[in-house]
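Peer 1: For the sequence shown, my numbering assigns the number 19 to the initial residue and increments by one for each residue that follows.
Here a beta-carbon is modelled for each residue, glycine too, at the ideal position from N, C-alpha and C.
Every value quoted in this text rests on a predicted model; they were computed, and no experiment measured them.
Sharing a structure below in structure tokens format, with a few things to ask.
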Amino acid sequence: MVKILDSTLREGQQTPGVKFNKKGKIKIAKALDDFGIDIIECGHPAISQTEKETIKAIAKLGIGTETMAHARARKDDVAAVAECGTDWVGIFLGINTMSLQHKYAKTKNEAESMVYESITYAKQSGLKVRFTIEDATRTQMEEIAGMAKLAKSAKADVISLA
19 MVKILDSTLR
29 EGQQTPGVKF
39 NKKGKIKIAK
49 ALDDFGIDII
59 ECGHPAISQT
69 EKETIKAIAK
79 LGIGTETMAH
89 ARARKDDVAA
99 VAECGTDWVG
109 IFLGINTMSL
119 QHKYAKTKNE
129 AESMVYESIT
139 YAKQSGLKVR
149 FTIEDATRTQ
159 MEEIAGMAKL
169 AKSAKADVIS
179 LA
């Protein structure tokens, strides 16, 4: 089965010079629903209260398309997504040596705990989970396989590579 996930509301706003407001995001979400998209990535609620309120509004539209919001592999980020009422959470973490050392200042064991705990918390919160290994092209295949196995054991619904 193939499902189409649209990331316009999250990724599109990362384009220089592009800024969606709440009204514009709602209009785009409705259009994506009309088009037949399966899942809409609404945004990342940890960015701001405004972003969080916009995601909540989209999740409450009553459209047929499922909704997703992003979260770092942190319980507080996952809790923010759960408060928004989306169907899915997209949890992400880079696990390559460079990311762990320079971006997160975490050990491999700490990263594994973060991933397992955030996925488990999301599932307990009633969310479907997509876990993304961020910056996968810099990640050794053994590390990807190990983290995918860990995410699966925590009951992630989908595992993706970015």
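Once you ignore the five residues that flank Met116 on each side, which residues in its own chain have a CB closer than 7 Å to its CB?
Peer 2: The count along the sequence shown starts at 1 and reaches residue 116 at position 98. Counting only Cβ-Cβ distances below 7 Å, and skipping sequence neighbours, we find Arg156.
Peer 1: Would Met86 and Gly108 qualify as a contact pair, given that the criterion is a beta-carbon distance under 8 Å?
Peer 2: Residue numbering aside, residue 86 sits at position 68 when the sequence shown is read from its first letter. Residue numbering aside, residue 108 sits at position 90 when the sequence shown is read from its first letter. In contact: Met86 and Gly108 (Cβ atoms closer than 8 Å).
Peer 1: Report buried or exposed for Phe110, applying the criterion of at least 16 other Cβ atoms within 10 angstroms of its Cβ.
Peer 2: One-based indexing of the sequence shown puts residue 110 at position 92. Per the 10 Å Cβ criterion, buried.
Peer 1: Taking only the alpha-carbon atoms, compute the straight-line gap between Met165 and Lys78 and give it to the nearest angstrom.
Peer 2: Counting from 1 along the sequence shown, the entry for residue 165 is found at position 147. Counting from 1 along the sequence shown, the entry for residue 78 is found at position 60. Looking at the two C-alpha atoms, the distance is approximately 33 Å.
Peer 1: Do the CB positions of Ala75 and Lys45 come within less than 8 Å of each other?
Peer 2: Translated into the one-based positions of the sequence shown, residue 75 becomes position 57. Translated into the one-based positions of the sequence shown, residue 45 becomes position 27. In this structure, Lys45 does not lie closer than 8 Å to Ala75 by Cβ.
Peer 1: Between Ile22, Thr125, Ile162 and Ser171, which lies nearest to Gly55 when the distance is taken from Cα to Cα?
Peer 2: If you number the sequence shown from 1, residue 55 lands on position 37. The displayed chain sequence assigns Ile, not Gly, to residue 55. Selected option, being the one with the closest Cα: Ile22.
Peer 1: With respect to the beta strand (DSSP E) encompassing Thr85, which residues constitute its N-terminal and C-terminal limits?
Peer 2: Against the sequence shown, residue 85 aligns to sequence position 67. Start and end: Glu84 to Arg90.
Peer 1: Between the Cα of Gln142 and the Cα atoms of Ala174, Glu152 and Glu128, which residue gives the shortest distance?
Peer 2: For the purposes of this step, residue 142 is taken as residue 124 along the sequence shown, with counting starting at 1. Gln142 has its Cα closest to that of Ala174, out of Ala174, Glu152 and Glu128.
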